[in-house]
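Q: Just dropping this structure here.
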Amino acid sequence: MKPSSRDRLIIALDVGTRAEAISLALTLVPFAGWMKIGLQLFSAEGPDLVRAIRETGANVFLDLKLHDIPNTVARTVESVVGLDVQMLTVHLSGGGEMVRAAVAVAPEGLLLLGVTVLTSANSETLREIGMVEDVSRQVVRLAGIGADCGIGGVVAGAQEIGALRNAVGESLKLIVPGIRPRGSEEHDQKRIMTPAEAINAGADYLVVGRPITAAPEPAIAARKILQEIDSCVFRTDCH
Ligand code: C5P
10 MKPSSRDRLI IALDVGTRAE AISLALTLVP FAGWMKIGLQ LFSAEGPDLV RAIRETGANV
70 FLDLKLHDIP NTVARTVESV VGLDVQMLTV HLSGGGEMVR AAVAVAPEGL LLLGVTVLTS
130 ANSETLREIG MVEDVSRQVV RLAGIGADCG IGGVVAGAQE IGALRNAVGE SLKLIVPGIR
190 PRGSEEHDQK RIMTPAEAIN AGADYLVVGR PITAAPEPAI AARKILQEID SCVFRTDCH
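Just so you know, we're using the numbering used here here: the sequence shown kicks off at 10 and counts up by one.
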């Protein structure tokens with residue numbers, strides 16, 4: 010059974026304090042089943058904040074983007090398991106040995122996600138760090154490493170969804186940031202799509218930050234995005 014539209018919407022809580030995060034989570038949990046805690050907030054407020062966000066009733070996506078030697082990553086995944094989070098990210102560019110080490114200690118109930126190429130990066134960024142692949146090929150290559158190592162899903166830009174589905178089929182959940190409702194500001198995102206476009210293209214989950222959290226009325230912005238997802242998932246030609 011497909012999850013509800015609410016269960017497909019992840020709010021990126023990219024704020025600096027516990028008070029802001031809890032206030033946003035309480036406002037937005039009727040519209041979004043997931044709250045994403047990233048490095049900024051986790052560094053400021055730590056594990057206690059993770060527990061507090063769980064208490065709002067939301068599932069927690071801890072976006073730590075782990076990238077280290079295999080042993081360090083595996084021990085960190087074990088520490089995170091104690092926090093009762095439902096999604097956690099590792100960088101697939103850490104390579105197969107690192108990803109396998111993470112997968113080996115991730116329990117059922119924790120969806121381990123691989124980060125491919127950040128949506129703030131483009132082909133110039135890849136060239137800058139010495140990679141000659143274009144973005145799409147690099148995303149598919151990294152997703153292949155993730156699939157081979159038993160990862161549960163990948164984070165990728167909306168433009169890569171088609172290539173990813175061709176490469177790894179339906180076996181991986183696709184989590185898509187860089188979502189911008191029509192007419193909204195792009196900020197630092199370079200590979201963007203509207204919520205409806207991303208769902209139509211085959212995204213399982215959408216990650217939305219500033220278009221909701223920086224809106225004058227976050228609840229209204231979230232409701233509009235939820236309606237856009239709804240209008241799409243209830244059409245039979247949509248995913
Ligand atoms: O505010 P905005 O909607 O751009 O937030 C997108 C969120 O998704 C941020 O928390 C960012 O760290 C995260 N993300 C991303 N691109 C990736 C992986 C994660 O933008 N490839």
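Using N, Cα and C, we set each Cβ at its ideal position, and we do this for glycine too.
Tell me which same chain residues have a C-beta within less than 6 Å of the C-beta of E169, skipping the five on either side of it?
A: Result list for E169: S145, V148, in chain order.
Q: Leaving out the 5 sequence neighbours to the left and right, which residues in its chain are closer than 7 Å to T245 when beta-carbon positions are compared?
A: With a pLDDT of 45 at T245, under the threshold of 50, the modelled position of this residue cannot be trusted; read the value that follows with caution. Cβ within range, chain order: n/a, list empty.
Q: Looking at K199 and the ligand C5P, is the gap between the Cβ and the nearest heavy atom below 7 Å?
A: False, no ligand heavy atom lies under 7 Å from that Cβ.
Q: Find the nearest neighbour of L22 within the set S13, G91, A41, S14, judged by alpha-carbon distance.
A: If we check each option's Cα against that of L22, A41 comes out closest.
Q: Quick check on I250: does DSSP put it in helix, strand or coil?
A: The structure shown does not extend to residue 250, since the chain is modelled only from 10 to 248, so the question has no answer here.
Q: Between H100 and the rest of its own chain, which residues show a CB-CB distance below 6 Å, the 5 nearest in sequence each way excluded?
A: Excluding positions up to five away in sequence, the list reads K74, H76, V124.
Q: Using 10 angstroms around the beta-carbon of D213, count the other beta-carbons present and answer buried if the total reaches 16, otherwise exposed.
A: Burial call: buried.
Q: From what residue to what residue does the beta strand (DSSP E) around V24 run?
A: Note, V24: premise wrong, no beta strand (DSSP E); not H, not E.
Q: Using the Cα positions of D239 and R15, report the straight-line distance between them to the nearest angstrom.
A: If you take the alpha carbons of D239 and R15, they lie about 9 Å apart.
Q: For a test of your reading of the model: does the CB of M17 fall under 7 Å from any non-hydrogen atom of the ligand C5P? Yes or no.
A: In the sequence on display, residue 17 carries Arg and not Met. R17: no, Cβ never under 7 Å from the ligand C5P.
Q: Is it the case that the CB of T134 approaches a heavy atom of the ligand C5P more closely than 7 Å?
A: False, no ligand heavy atom lies under 7 Å from that Cβ.
Q: For the stretch 56-120, which segments carrying the alpha helix (DSSP H) assignment without a break, of at least 4 residues, lie completely within its bounds, in sequence order?
A: Listed in chain order, the complete alpha helix (DSSP H) runs (minimum 4 residues) inside the stretch 56-120 are 79-90, 105-114.
Q: Residues bridged to M9 by DSSP?
A: Only positions 10 to 248 of the chain appear in this structure, which leaves residue 9 out of reach.
Q: Taking 7 Å as the line, does the beta carbon of V216 fall inside it for any heavy atom of the ligand C5P?
A: Answer for V216: yes, Cβ within range of the ligand C5P.
Q: May I ask whether a heavy atom of the ligand C5P can be found less than 7 Å away from the beta carbon of S102?
A: No, the beta carbon of S102 sits no closer than 7 Å to any heavy atom of the ligand C5P.
Q: Spatial neighbours of V82 within its chain, please: CB distance less than 8 Å, with the 5 preceding and 5 following residues excluded, ordered by chain position.
A: These residues qualify, in order along the chain: L75, H76, V99, G103, M107, A110, A111.
Q: Please check the pair R27 and E64, which I expect to be a contact at CB under 8 Å, by giving their CB distance rounded to whole angstroms.
A: Actually they are not in contact, since the Cβ atoms of R27 and E64 sit about 12 Å apart, beyond 8 Å.
Q: For the ligand C5P, I want to know if L127 counts as a neighbour, meaning its beta carbon is within less than 7 Å of at least one of the ligand's heavy atoms.
A: L127 Cβ: within cutoff of the ligand C5P.
Q: Suppose you measure from the CA of R174 to the CA of L183; what does that come to, to the nearest Å?
A: Distance between the alpha carbons of R174 and L183: 9 Å.
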